[in-house]
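Student:
Residue numbers (the working numbering), protein chains in the order written: chain U, 23 to 259; chain G, 333 to 551.
(1) Which residues, taken in chain order from the segment 85 to 98 of chain U, show a beta carbon closer than 7 Å to some beta carbon of chain G?
(2) First and last residue of the alpha helix (DSSP H) that includes residue 426 of chain G?
(3) Would you mind telling me which residues of chain G sit closer than 9 Å to residue 136 of chain U, beta carbon to beta carbon, in chain order?
(4) In angstroms with no decimal places, state the Cα-to-Cα distance between residue 426 of chain G and residue 538 of chain G.
(5) Residue range of the alpha helix (DSSP H) that residue 256 of chain U falls in?
(6) Between residue 500 of chain G and chain U, is any beta-carbon pair separated by less than 8 Å?
(7) I'd like to know whether the C-beta of residue 30 of chain U is nearer than 8 Å to at least one C-beta of chain G.
(8) Less than 8 Å between CB atoms is the rule here; does residue 465 of chain G satisfy it with respect to chain U?
(9) Compare the C-beta of residue 176 of chain U with all C-beta atoms of chain G and state if any pair is closer than 8 Å.
(10) On a Cα-Cα basis, can you pick out the residue from U:238, U:252, U:82 that is closest to residue 102 of chain U?
(11) According to DSSP, is residue 60 of chain U helix, strand or coil?
(12) Less than 8 Å separating the beta-carbons of residue 504 of chain G and residue 92 of chain U?
(13) Could you list the residues in the segment 517 to 534 of chain G with a C-beta less than 9 Å from some C-beta on chain U, going in chain order?
(14) Whole angstroms is fine: what's the gap from residue 217 of chain U's alpha carbon to residue 44 of chain U's?
(15) In this structure, how does DSSP classify residue 551 of chain G when only helix, strand and coil are distinguished?
(16) So is residue 477 of chain G buried or exposed if we call it buried at 16+ other beta carbons inside 10 Å?
(17) For the alpha helix (DSSP H) that contains residue 519 of chain G, what are its first and last residues?
(18) Assign residue 374 of chain G to one of two classes, buried (16 or more other C-beta atoms within 10 Å of its C-beta) or exposed (fewer than that).
(19) Less than 8 Å between CB atoms is the rule here; does residue 536 of chain G satisfy it with respect to chain U?
(20) Assuming residue 530 of chain G contacts residue 512 of chain G under a Cβ cut-off of 8 Å, what Cβ separation, rounded to an integer in Å, is found between them?
(21) Spatial neighbours of residue 417 of chain G within its chain, please: C-beta separation below 8 Å, excluding the five flanking residues on both sides.
(22) Counting C-beta neighbours from all protein chains within 10 Å, is the total for residue 159 of chain U 16 or more, i.e. buried, or is it exposed?
(23) Over the uninterrupted alpha helix (DSSP H) stretch that includes residue 9 of chain U, give me the two end residues.
(24) Can you confirm whether residue 180 of chain U, when its beta carbon is compared against all beta carbons of chain G, has any partner nearer than 8 Å?
(25) If you compare alpha carbons, which of G:408, G:467, G:457 is closest to residue 483 of chain G?
(26) Compute every distance between the C-beta of residue 335 of chain G and the non-hydrogen atoms of the ligand COA, then say whether any falls below 7 Å.
(27) Please classify residue 258 of chain U: is it buried, with 16 or more other beta-carbons within 10 angstroms of its beta-carbon, or exposed?
(28) Just the chain G side, please: which residues come within less than 7 Å of residue 194 of chain U by C-beta, in chain order?
(29) At 9 Å on the CB atoms, spell out the chain G contacts of residue 160 of chain U, in chain order.
(30) For residue 180 of chain U, which option in U:154, U:170, U:245 has the closest C-alpha, if you only look at C-alpha atoms?
(31) Provide the residue span of the alpha helix (DSSP H) that contains residue 373 of chain G, from first to last.
(32) Between the alpha carbons of residue 163 of chain U and residue 252 of chain U, how many angstroms are there, rounded?
(33) Could you tell me the distance, in whole angstroms, from the CA atom of residue 522 of chain G to the CA atom of residue 80 of chain U?
(34) Note the first and the last residue of the continuous alpha helix (DSSP H) segment covering residue 68 of chain U.
(35) Is it buried or exposed, residue 135 of chain U, if we count other Cβ atoms within 10 angstroms and call 16 or more buried?
(36) What residue does the alpha helix (DSSP H) around residue 186 of chain U start on, and which one ends it?
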């Protein structure tokens, strides 16, 4: 298992960049040219081809943060802290883009950029929880195990809070379009569905690539801090 | 176990009684918040009942976060928290003790605020239903703020960090508590679902905090 993961990890820098490049091009051409114009919503509907994949990629990134946080508390290996932090950074970025693209779509369709509907509100809370996670983690250095554990606990509680947040804001109010894609008979025409599928490949590959790079950055920063501590020790000896 | 919990509660309450500045500042903070709201929203005129649940609960939450931070600030300055951790008692007992003492202190402050608001705004706030809602909501947030402040005690800039960490997690509690309070003031029908939400949140947060505290307290 570990060997397989290691081999996959080694392929990352050679495989992911071309996949991201080709899929992104295909998605842009598909979304702007190939996909038919939606009759009611018009051109702005084309945002869906990035909005929906980014929303799912946000959940997956935070899922990675959750699993890595559990592994950190269990195995006590700081490499899981780097992965948790790396995926949280990318997740927060994607979540912010989901909120922004949603607002751009909302203005012509709903007439307002923002409305306190259930899904928007819970996405905003998700964004705030993981921003707080990054803040909690960044308050001490990359090698501070106590801060890493602290942030991991917060990430786990944050994920566990999400269902309750969703339930509470759904009771509070609701307006978001009903899910039309993940059904046995998707209510989207074939071409749109094909472009959306390309969008999923492009955004997921991009997210994986960015999470990988961000995790490398975190690990490099851990290594630098360790080296600096060693140098300090030798100099004072 | 129960003996250890009682000892921690007694220690905290005795300290709070002797060193009054901690809880007095939380209480005066809450009082000032209510007064500030009454100037900001001009609560003196018209029907203030639609605003009152929000005013009360934001005040309670901020006072609670403030107080939890202070309680651990003291422990860390004196180094007493580390001493408690080496005592041969379950770590969970220490958490439950601190949780209960924070809960008692906050309930006292909140009761005083309800009394004050009843007098200031001429609304009957001291009903059995409302007191139940306040107790349930307070259990829900004190468990989380107690856990988070344990962790926050170790880092600089904790006083800013604690509200930033706690408030997003407490969104469901705030929604439930405000709506339940509104319902019990007769603003909407049926406080039942909101009290259920508060109860679910209180159970969830207490369980999460009890499970996570040993990991957070580890040195």
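Note that beta-carbon positions come from the ideal geometry of N, C-alpha and C, so glycine has one too.
Tutor: Let me lay it out:
(1) 95
(2) 423 to 453
(3) Neighbours of residue 136 of chain U on chain G: none; closest Cβ ~16 Å, over 9 Å.
(4) 14 Å
(5) 212 to 258
(6) yes
(7) no
(8) no
(9) At least one beta carbon of chain G lies nearer than 8 Å to the beta carbon of residue 176 of chain U.
(10) U:238
(11) strand
(12) Pairing residue 504 of chain G with residue 92 of chain U gives a Cβ-Cβ distance that is not under 8 Å.
(13) 525, 526, 529, 532, 533
(14) It is roughly 13 Å from the alpha-carbon of residue 217 of chain U to the alpha-carbon of residue 44 of chain U.
(15) Three-state DSSP puts residue 551 of chain G in coil, outside helix and strand.
(16) Residue environment analysis places residue 477 of chain G among the buried positions, since at least 16 neighbouring C-beta atoms fall within 10 angstroms of its C-beta.
(17) Residue 519 of chain G -> no alpha helix (DSSP H), and no H or E assigned at all.
(18) exposed
(19) yes
(20) 6 Å
(21) These residues qualify, in order along the chain: 423, 426, 549, 551.
(22) buried
(23) Residue 9 of chain U is absent from the model: chain U starts at 23 and stops at 259.
(24) yes
(25) G:408
(26) Within the structure as shown, the ligand COA is missing, as the structure has no ligands at all.
(27) exposed
(28) In chain order: 507.
(29) Neighbours of residue 160 of chain U in chain G, taken as residues at a C-beta separation under 9 Å, are lacking, since the least C-beta distance is about 10 Å.
(30) The candidate whose alpha carbon is nearest that of residue 180 of chain U is U:154.
(31) Per DSSP, residue 373 of chain G belongs to no alpha helix (DSSP H) and is neither H nor E.
(32) 15 Å
(33) 36 Å
(34) No alpha helix (DSSP H) holds residue 68 of chain U; DSSP gives it neither H nor E.
(35) Label assigned to residue 135 of chain U: exposed.
(36) 167 to 194
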